[in-house]
Every structure is written in structure tokens, then in C-alpha cells.
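Counting from 3, one number per residue, gives the positions in the sequence shown under our numbering. Backbone N, C-alpha and C define an ideal beta-carbon position, used for all residues, glycine too. Heads up: the structure comes next, in C-alpha cells.
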Amino acid sequence: MDKYQADKVVVLDALTYAGNIANLDNVKNNENFIFVHGDICDQPLIEELLVEHGIDTLVHFAAESHVDRSITGPDAFIETNIIGTYTLLKAAKKVWLDGDNVIDGHRFHHVSTDEVYGTLSATDPAFTEDTAYAPNSPYSASKAASDHLVRAYHHTFGLNVTTSNCSNNYGPFHFPEKLIPLVITNILHDKELPIYGDGQQIRDWLYVEDHAYGIDLVLQSGRIGENYNIGGNNEWANIDIVTTISKLVEREFETNSDLVIRFPNAKAAIAQNTESLITYVKDRPGHDRRYAIDATKTNDELGYQPRESFESGIAKTVQWYLNNESWWQSVMDGSYQSWIAEQYT
Ligand code: TYD
3 MDKYQADKVV
13 VLDALTYAGN
23 IANLDNVKNN
33 ENFIFVHGDI
43 CDQPLIEELL
53 VEHGIDTLVH
63 FAAESHVDRS
73 ITGPDAFIET
83 NIIGTYTLLK
93 AAKKVWLDGD
103 NVIDGHRFHH
113 VSTDEVYGTL
123 SATDPAFTED
133 TAYAPNSPYS
143 ASKAASDHLV
153 RAYHHTFGLN
163 VTTSNCSNNY
173 GPFHFPEKLI
183 PLVITNILHD
193 KELPIYGDGQ
203 QIRDWLYVED
213 HAYGIDLVLQ
223 SGRIGENYNI
233 GGNNEWANID
243 IVTTISKLVE
253 REFETNSDLV
263 IRFPNAKAAI
273 AQNTESLITY
283 VKDRPGHDRR
293 YAIDATKTND
303 ELGYQPRESF
313 ESGIAKTVQW
323 YLNNESWWQS
333 VMDGSYQSWI
343 AEQYT
């Protein structure tokens with residue numbers, strides 16, 4: 003909304019456990035912003051929104067995304083990621099291609115993941131857009147299925163689609179079940195830092211605003227029907243991420259005495275070693291060993307390069323969690339969800 007100030011933006015969100023309307027506080031008073039509480043599986047609602055607001059560009063971010071939850075409860079992943087994407091495609095086809103509101107220059111952009119490509123060994127080359135799909139978790143299988151449906155709607159019906167496959171994101175507003183925000187908030191609460199298996203699994207971390215920047219480039223200049231990899235060129239073993247964050251939090255406590263008062267139980271507040279919280283736990287079933295993105299196509303065709311270094315991005319992220327305790331406390335203790343229930347039921 004900062005960059006395209008004349009554009010109207012309609013956000014549709016079901017506000018399930020990880021959705022949070024407070025994340026939109028900075029745009030809620032913008033007259034070009036509209037929030038709709040609803041479900042991507044509700045086809046009449048999607049059609050109505052496309053027509054009512056004359057929407058020509060749909061960016062599909064909505065997904066169940068936490069691998070551990072897909073292992074304990076895959077149903078929500080099949081429903082939201084596969085049926086939800088299918089429903090959006092059906093609605094887009096009906097309105098943009100078949101109805102009275104045909105929009106030639108429409109675009110359906112699908113936000114996906116590098117996890118559809120499966121897992122790499124330490125020496126394998128990074129995933130390109132031509133790497134065969136080989137998803138290993140119910141989460142990645144559901145995203146792979148949705149990617150295939152998006153592709154099929156282009157080839158069969160001529161819907162103008164693009165897909166981006168991105169590596170692990172991190173940054174502000176990240177729900178504290180994912181590794182990086184979990185580690186930051188657990189350190190502050192003096193809770194164990196659970197490392198699955200040997201902690202040597204590798205992920206390619208990208209600052210969230212660099213992901214948004216990549217999606218913007220695909221929307222502006224991507225070729226219809228194409229997939230674009232977006233990555234950070236930034237591979238880290240999990241254990242090294244955790245020790246890096248531990249040191250960063252300790253440094254913050256050394257320079258900011260207020261933190262000692264706010265988080266008196268943190269190891270850093272009592273001059274103890276934060277890394278002693280590291281606890282090796284049972285490995286995730288089917289745990290992918292390594293993800294790495296080869297973003298040559300996106301770099302060459304769209305001029306994409308991440309703008310944030312990992313050093314500055316992770317420092318900003320730690321700062322954000324230190325400065326926004328009320329945000330993560332309310333999403334973690336459930337008070338936010340009771341507020342949603344009051345507002346929206
Ligand atoms: P996660 O943030 O769940 O993202 P993804 O599974 O999509 O990569 O996990 C990142 C990595 O961190 C992954 O290899 C699993 C590992 N991990 C832990 O070791 N401990 C944890 O408590 C969590 C949440 C993740």
C-alpha cells in the first residue's frame with residue numbers, strides 16, 4: 003500500500019489461530035484498504051468480492067504452513083491448501099473468464115514454497131524451477147497439489163497465473179511456533195530451545211520483506227504461466243541459527259538494562275549462558291535435511307536480489323520481538339483468539 007498508493011487492497015482472512023488482525027493496524031485507516039473476514043473455501047464470497055471491488059489481481063497467500071501441525075492434523079492442510087486454492091481458481095475462472103465481468107489483464111498469483119521440491123543432501127545443487135516435485139510432508143504435498151491445480155487452470159482454461167516458490171521466511175509478525183520466533187520468545191521466558199534430531203538440518207532464510215519484494219517483481223514483470231524461485235542465498239544449520247539468536251539476545255540485555263526488569267527470568271538477566279537452554283529432542287518424522295534455492299531465473303529475468311543481509315535482518319527481528327511483547331504474548335496466551343471470537347461471531 004506504501005508503494006501503490008492509488009490501488010485498492012482487499013484482504014480476505016479467516017483469522018484462524020495464526021491470523022491476526024492487529025498485523026494490519028498500520029493500514030486499517032487507509033481509505034483504499036478493506037478487510038473481509040472470510041474463508042477461501044467460500045466460492046460465492048470470493049466471486050462476490052471479485053465483482054464488487056472490480057478486483058483484477060489476486061495474490062493467494064492463504065495457507066496452513068506449519069509442518070509439525072500437518073503431521074498431527076493433516077485435514078486442515080488438505081482443506082485450506084488444496085480445496086481453498088481450487089475454490090479461488092474456480093471463482094477466478096468464473097468471474098474473469100466466463101462471466102459478465104471478464105478482465106483480460108487479470109492475474110492470479112499463487113504463493114508457494116521450496117518444500118514442494120523435497121529434500122537435498124549437503125552436496126546436491128540447489129532447487130531450480132525445473133527440479134521435479136517430491137514433497138515429503140502432508141504440508142508440502144498439499145502445496146504441491148495446489149501448485150499443480152494453478153498450472154492446470156492456466157494450461158486448460160487460459161487463466162493468467164504465476165507461482166512463486168520461496169524459501170523459509172523470517173521477520174516481524176511471525177507466529178511463534180516457527181523456529182526463529184519460537185527461539186526468541188522461549189529465551190525471554192526461560193524455556194527450553196528444542197532442537198529436532200541433530201540440529202544439522204539446513205534452511206535458506208529470507209527476510210519477509212524481501213519475499214514481498216520478489217512477489218511484487220513477479221506481479222509486475224513475471225511471464226504468465228511461469229514459476230519463479232525466491233530465495234535468500236543464505237543457508238544455515240538450525241543449531242547455528244539458535245546459537246546466533248542466543249548471542250544476539252544476550253548482547254541486547256548487556257546494552258539495555260530495561261530488559262532485565264521486563265524479563266527477569268531470562269538467563270541473560272541473571273548473567274547465565276542462554277545456550278544452556280538448548281535441548282535436543284526427538285526428530286520430526288520425515289524431516290527434510292536441506293532446502294536451498296537457486297534463484298538464477300528470478301535474478302536474470304526480473305532483476306531480483308534480496309536487499310536485507312541476514313546479519314541486519316535477524317538483528318531487526320530480535321529487536322522487533324523485544325519491542326512488541328504485547329503482540330506475541332496475546333497470540334500465545336489465547337487472549338487474542340477470544341477477542342476475535344467476540345468481534346467476528
Ligand atoms: P520451521 O520454522 O517449522 O520451518 P520448516 O519446517 O518449514 O522449515 O522449522 C525450521 C527448521 O527448524 C526445521 O528444520 C525444523 C527445525 N525446528 C527445530 O529444530 N525445533 C523447533 O522447535 C522448530 C519449531 C523447528
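First and last residue of the alpha helix (DSSP H) that includes residue i?
| i | result |
| --- | --- |
| isoleucine 73 | 69 to 74 |
| aspartate 88 | Note on identity: in this sequence residue 88 is tyrosine, with aspartate being the wrong assignment. Per DSSP, tyrosine 88 belongs to the alpha helix (DSSP H) from 86 to 94. |
| asparagine 188 | 181 to 190 |
| isoleucine 316 | 312 to 325 |
| valine 53 | 45 to 54 |
Tell me, which residues are paired with residue i by DSSP?
| i | result |
| --- | --- |
| arginine 286 | Arginine 286 pairs with nothing; no bridge assigned. |
| isoleucine 280 | Leu195 |
| aspartate 206 | Glu237 |
| arginine 292 | Ile204 |
| aspartate 415 | What is shown of the chain runs 3 to 347, which leaves residue 415 out entirely. |
| valine 163 | Phe110 |
| phenylalanine 129 | Ile295 |
Specify the secondary structure class of residue i as computed by DSSP and reduced to three states.
| i | result |
| --- | --- |
| proline 137 | coil |
| alanine 147 | helix |
| asparagine 170 | strand |
| histidine 213 | helix |
| aspartate 102 | coil |
| histidine 176 | coil |
| aspartate 218 | helix |
| valine 113 | strand |
| valine 29 | coil |
| threonine 246 | helix |
| threonine 82 | helix |
| glutamine 307 | coil |
| arginine 153 | helix |
| isoleucine 272 | helix |
| methionine 334 | helix |
| glutamate 256 | helix |
| serine 142 | helix |
| alanine 24 | helix |
Determine the burial state of residue i: buried for a count of at least 16 other Cβ atoms within 10 Å of its Cβ, exposed for fewer.
| i | result |
| --- | --- |
| serine 1 | With the chain running from 3 to 347 in the structure shown, residue 1 is simply not present. |
| histidine 112 | buried |
| glutamine 202 | exposed |
| isoleucine 2 | With the chain running from 3 to 347 in the structure shown, residue 2 is simply not present. |
| lysine 269 | buried |
| arginine 264 | exposed |
| alanine 93 | buried |
| asparagine 28 | exposed |
| tyrosine 282 | exposed |
| glutamate 66 | buried |
| valine 97 | buried |
| glutamate 54 | exposed |
| asparagine 167 | buried |
| isoleucine 272 | exposed |
| valine 69 | buried |
| tyrosine 209 | buried |
| valine 152 | buried |
| tyrosine 323 | buried |
| serine 148 | buried |
| threonine 257 | exposed |
Please go through the same chain and pick out, in chain order, the residues whose beta-carbon is closer than 6 angstroms to the beta-carbon of residue i, but skip the five residues on each side of it.
| i | result |
| --- | --- |
| glycine 227 | His156 |
| leucine 72 | With the sequence shown as reference, residue 72 is identified as serine, and leucine is not the correct amino acid for it. Contacts found: Phe79, Ser139, Pro140, Tyr141. |
| tyrosine 119 | Phe129, Thr133 |
| isoleucine 204 | Glu237, Ala239, Arg292 |
| leucine 219 | Leu304, Tyr306 |
| aspartate 116 | Phe129, Asn167, Ser169, Tyr293, Ile295 |
| glycine 40 | Leu14, Leu47 |
| threonine 59 | Arg109 |
| glycine 288 | Asn138, Ser139 |
| lysine 10 | Asn34 |
Residue i lies in the beta strand (DSSP E); which residues open and close that run?
| i | result |
| --- | --- |
| threonine 59 | 59 to 62 |
| arginine 264 | From DSSP, arginine 264 is part of no beta strand (DSSP E) but of the alpha helix (DSSP H) over 259 to 264. |
| asparagine 231 | 229 to 232 |
| threonine 298 | Looking at the DSSP string, threonine 298 is not in any beta strand (DSSP E); the run it does join, the alpha helix (DSSP H), is 298 to 304. |
| phenylalanine 37 | 35 to 39 |
8 angstroms is my cut-off, CB to CB: does residue i come that close to chain D?
| i | result |
| --- | --- |
| aspartate 4 | Reference to chain D is not applicable here, since this structure consists of a single protein chain. |
Near residue i, what residues of its chain come up, given a Cβ to Cβ distance below 7 angstroms and the 5 sequence neighbours on each side ignored?
| i | result |
| --- | --- |
| glutamine 45 | Thr89, Lys92, Ala93 |
| alanine 24 | Trp329 |
Cutting at 8 angstroms between CB atoms, please list the residues of its own chain near residue i, excluding the five before and the five after it.
| i | result |
| --- | --- |
| isoleucine 247 | Ile182, Val185, Ile186, Ile189, Ile316, Val320 |
| aspartate 296 | Pro127, Ala128, Phe129, Thr130, Asn231, Gly233 |
| methionine 334 | Pro178, Thr187 |
| glycine 173 | Tyr209, Val210, Glu211, Gly315, Lys318, Thr319, Trp322 |
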